[in-house]
Amino acid sequence: MDEVVQPFEADVGRVLEIVINSLYKERAIFLRELISNASDACDKLRYESLSKPELLGADPKLEIRILADPGANLLTVVDDGIGMDKDELAANLGTIARSGTARFVQELTGDRAKDLKLIGQFGVGFYSVFMVADKVVVRSTRAGQSRGWVWASDGKSGFTIKEDDQPLPRGTAVTLHLKEDAKEFLDAARIREIVRTYSDHVAFPIILEAKPRPGDTKTKAHEPQQINSASALWARPRSEITEEQYREFYHHVGHTFDEPFARVHFTAEGTLSYTALLFVPSHRPFDLYDPKRRHGVRLYVRRVFITDQLEELLPRYLRFVSGVVDSEDLQLNVSRETLQHGVVVQKMRKQLTKRILDELARKAAEAGEGGSVPTGEGEARPNGEAKPEEQKSKGPSYLEWWAELGPVLKEGLFEDAENRAKLLELARFKSTRGPGWVSLAEYVGRMRPGQDAILYVTGESAEALRSSPQLEAALAKGCEVLLLDDPVDEFWVPEVREYEGKKFVSLTKGEVDLSRIPDEGKIETPDELWDDSFKKLLAKMKSLLGEEVKDVRPSKRLRESAVCLVADEQGLDFRLERFLKQHHQLDRLSKPILEVNGRHELVRRMAAMAADPAMEQDLAELTRLLLDQARIVQGEPIPDPGAFSRRMSAFLAKGLPAAA
Ligand SMILES: Nc1ncnc2c1ncn2[C@@H]1O[C@H](COP(=O)(O)OP(=O)(O)OP(=O)(O)O)[C@@H](O)[C@H]1O
Ligand SMILES: [Mg+2]
5 MDEVVQPFEA DVGRVLEIVI NSLYKERAIF LRELISNASD ACDKLRYESL SKPELLGADP
65 KLEIRILADP GANLLTVVDD GIGMDKDELA ANLGTIARSG TARFVQELTG DRAKDLKLIG
125 QFGVGFYSVF MVADKVVVRS TRAGQSRGWV WASDGKSGFT IKEDDQPLPR GTAVTLHLKE
185 DAKEFLDAAR IREIVRTYSD HVAFPIILEA KPRPGDTKTK AHEPQQINSA SALWARPRSE
245 ITEEQYREFY HHVGHTFDEP FARVHFTAEG TLSYTALLFV PSHRPFDLYD PKRRHGVRLY
305 VRRVFITDQL EELLPRYLRF VSGVVDSEDL QLNVSRETLQ HGVVVQKMRK QLTKRILDEL
365 ARKAAEAGEG GSVPTGEGEA RPNGEAKPEE QKSKGPSYLE WWAELGPVLK EGLFEDAENR
425 AKLLELARFK STRGPGWVSL AEYVGRMRPG QDAILYVTGE SAEALRSSPQ LEAALAKGCE
485 VLLLDDPVDE FWVPEVREYE GKKFVSLTKG EVDLSRIPDE GKIETPDELW DDSFKKLLAK
545 MKSLLGEEVK DVRPSKRLRE SAVCLVADEQ GLDFRLERFL KQHHQLDRLS KPILEVNGRH
605 ELVRRMAAMA ADPAMEQDLA ELTRLLLDQA RIVQGEPIPD PGAFSRRMSA FLAKGLPAAA
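Our numbering runs 4 ahead of the 1-based position in the sequence shown.
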């Protein structure tokens with residue numbers, strides 16, 4: 005009976021299309037991927053067998069075997085792990101798992117050369133086998149089941165699954181029919197070197213069995229030989245672990261291929277005894293904002309993998325961390341529920357969080373970076389030169405790292421009161437001072453005389469915020485203003501309220517009093533500007549605008565602009581309100597305050613018009629025009645854009661000489 009060829013899921017097809025035709029140099033990574041899968045499968049079985057020892061049956065051995073058969077041109081990777089049943093084979097090897105591969109697909113550009121590089125960057129998991137094999141056969145028996153299945157594919161037209169008439173006792177065997185130009189991967193020395201490079205950290209023994217090449221009488225068949233140290237990397241003395249081994253371990257546990265930005269590796273003794281090896285990535289994981297995303301830390305108990313789903317082990321704002329925690333205290337067959345809420349896990353969480361934040365603080369201090377590094381707001385590095393090679397190899401600087409993962413760490417400012425002070429020191433912000441990042445310590449260090457608050461504005465992009473009218477008076481007084489353009493900023497600022505006794509004050513909300521800060525260079529003229537005619541104008545504008553605004557008042561924050569909108573002191577800041585409305589957590593937006601700049605030429609003229617009843621109509625039109633203008637600047641929608649443009653054209657026409 006002909007097996008039915010099942011098509012690959014679309015994305016798999018795209019991956020395979022690239023992988024098969026790829027001239028990707030480091031093809032050897034296919035073996036790393038297969039061994040990583042085999043190791044995960046052994047980990048999963050060891051854990052499941054804690055509650056169902058029968059799954060191990062008569063043969064508790066868990067190992068990975070590599071069989072090289074140059075005569076038949078076959079390379080097979082076998083594991084005694086959890087195995088897969090028929091449905092799992094179709095699901096796992098026919099669709100894109102939630103893994104590095106998913107990110108690969110997301111990043112595909114269609115430009116072959118660029119996409120090729122992605123293979124190294126994200127890895128393509130199981131599908132990397134098609135870089136070196138014309139055909140792949142996967143035999144698998146789910147632990148605890150007797151029936152086994154055979155999955156087969158050429159990586160092009162789909163895959164077939166049929167029952168295995170000689171099923172494996174359990175586990176999986178992946179056999180590669182190697183391509184003509186991939187025979188090197190049947191060579192024992194080559195295989196040993198690849199395993200040494202990429203998989204030495206795997207905690208299960210990797211056994212190599214290599215047959216000699218046909219006609220090669222000199223080379224004896226290799227005795228099955230273990231080719232990795234198979235000891236849990238994290239349990240080894242730190243002095244014996246190379247950077248390369250740490251990096252490969254990070255790639256394995258993190259399902260990622262970037263450089264680790266930071267690492268903590270320590271053993272806690274005393275009330276709690278455990279070893280932790282944790283990594284902070286250099287780049288933002290593709291699913292960082294996926295609500296289902298969890299940290300990538302695996303819990304082991306005395307070297308036995310227990311789970312990688314223990315959410316409580318780290319706070320959500322550290323969900324980019326991956327690694328291992330191996331506890332000496334916990335019971336092997338502890339249930340996940342007990343784990344979740346147990347004191348041991350709570351204590352570990354506290355200590356792990358502290359260690360990670362301390363390591364980030366060390367990285368920040370090590371970088372000693374001030375505001376010089378660009379925030380990536382479209383500006384190239386100062387005087388445009390590329391990042392020096394040696395720096396590139398060392399991974400990103402703290403500020404480059406912050407640009408990638410800072411917004412997530414800032415969630416901690418909102419949700420983790422205990423570590424708030426540490427997180428505030430780690431935080432970096434864009435500011436009006438220049439294209440670079442500033443720390444709060446730097447900001448406070450250069451506050452102006454008479455300035456007692458940390459001034460900030462929030463909005464979609466720092467670039468747009470730089471020209472906000474609400475900044476004008478502060479800038480005229482030489483004050484630096486933080487430009488907060490991450491959505492999370494709306495949430496942590498109201499929660500944190502101050503830094504080192506200095507309040508965070510939004511320049512787009514409530515009253516702002518900068519009067520104690522002298523204008524740079526010139527003495528400020530007090531309120532004489534706000535003469536009667538100006539006050540009358542404000543009253544008139546207020547009655548003209550009626551319910552559209554909460555109030556119309558003289559502005560202390562404008563210099564060059566005629567008007568701006570300000571959120572009510574008691575209310576929410578503009579962006580937060582818009583955010584909550586968009587997420588249906590608010591029925592309607594509150595009415596803003598229209599602030600008017602008594603110095604502005606246009607306002608001076610309008611004040612004069614306010615005294616002349618004949619100008620009533622024009623004044624009303626102008627007032628509406630200014631309100632809509634302030635809305636545009638604030639990124640608020642204009643209720644009637646048509647009317648706005650008609651008004652605008654009418655007034656522009658007034659400014660032009662009459663047509664002949
Ligand atoms: N030897 C194996 N034993 C049991 N299941 C396996 C084996 N190899 C692969 N699988 C299953 O197939 C899925 C896909 O494997 P693949 O390597 O493509 O992705 P991944 O391992 O989940 O993530 P990554 O892209 O980081 O490797 C795995 O998640 C696992 O469920
Ligand atoms: Mg994998």
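Here a beta-carbon is modelled for each residue, glycine too, at the ideal position from N, C-alpha and C.
Same chain, Cβ closer than 8 Å to residue i, neighbours up to 5 away in sequence not counted
i, result
"Pro-453", "Ile-521 and Pro-522"
"Gly-375", "Below a pLDDT of 50, predicted positions are generally treated as unreliable, and Gly-375, at 46, falls in that range; the measurement from the model is reported next regardless. Excluding positions up to five away in sequence, the list reads Ser-435, Arg-437, Gly-438, Gly-440, Trp-441, Val-442 and Glu-446."
"Tyr-131", "Val-16, Val-19, Leu-20, Val-23, Thr-105 and Gly-159"
Which of helix, strand or coil DSSP assigns to residue i
i, result
"Cys-46", "helix"
"His-256", "helix"
"Tyr-503", "strand"
"Lys-513", "strand"
"Lys-585", "helix"
"Arg-557", "strand"
"Arg-18", "helix"
"Thr-436", "coil"
"Arg-69", "strand"
"Ser-243", "helix"
"Ser-594", "coil"
"Glu-494", "helix"
"Pro-171", "coil"
"Ile-310", "strand"
"Ala-477", "helix"
"Ile-636", "helix"
C-beta atoms of residue i and residue j nearer than 7 Å
i, j, result
"Val-133", "Phe-34", "yes"
"Phe-309", "Ser-43", "no"
"Ile-195", "Leu-93", "no"
"Leu-59", "Ala-177", "no"
"His-287", "Asp-312", "no"
"Asp-158", "Lys-139", "yes"
"Pro-491", "Cys-568", "no"
"Leu-606", "Met-613", "no"
"Leu-303", "Leu-314", "yes"
"Gly-416", "Tyr-321", "yes"
"Phe-324", "Pro-295", "no"
"Val-600", "Ser-559", "yes"
"Leu-97", "Leu-180", "no"
"Leu-469", "Leu-487", "yes"
"Leu-172", "His-205", "no"
"Phe-418", "Phe-495", "yes"
Exposed unless 16 or more other CB atoms sit within 10 angstroms - verdict on residue i
i, result
"Gln-633", "buried"
"Gln-589", "exposed"
"Asp-577", "buried"
"Gly-388", "Because Gly-388 carries a pLDDT of 43, less than 50, the predicted location of this residue cannot be relied on, and no value is offered for it."
"Gln-170", "exposed"
"Ser-55", "exposed"
"Gln-638", "buried"
"Glu-499", "exposed"
Residue i: CB within 6 Å of a non-hydrogen atom of ligand 2
i, result
"Gly-129", "yes"
"Glu-21", "no"
"Glu-37", "yes"
Close Cβ partners of residue i (< 6 Å) along its chain, the five nearest in sequence each way excluded
i, result
"Ala-667", "Nothing about residue 667 can be reported from this structure: the residues present for the chain run from 5 to 664 only."
"Val-82", "Arg-69 and Ala-177"
"His-255", "Phe-261"
"Lys-48", "Ile-86"
Own chain residues within Cβ distance below 7 Å of residue i, not counting five before or after
i, result
"Ala-368", "Tyr-402 and Leu-430"
"Glu-167", "Arg-151 and Trp-153"
"Glu-502", "Phe-508"
"Ala-657", "none"
"Lys-396", "Low confidence applies to Lys-396: its pLDDT is 47, below 50, so where it sits in the model is not reliable, and the reading given next is rough at best. Excluding residues within five positions, none has a Cβ falling inside 7 Å."
"Glu-504", "Val-448"
Any non-hydrogen atom of ligand 1 closer than 6 Å to residue i Cβ
i, result
"Gly-85", "yes"
"Asn-41", "yes"
"Ala-480", "no"
"Ala-156", "no"
"Met-135", "no"
"Ala-45", "yes"
"Thr-311", "no"
"Thr-176", "yes"
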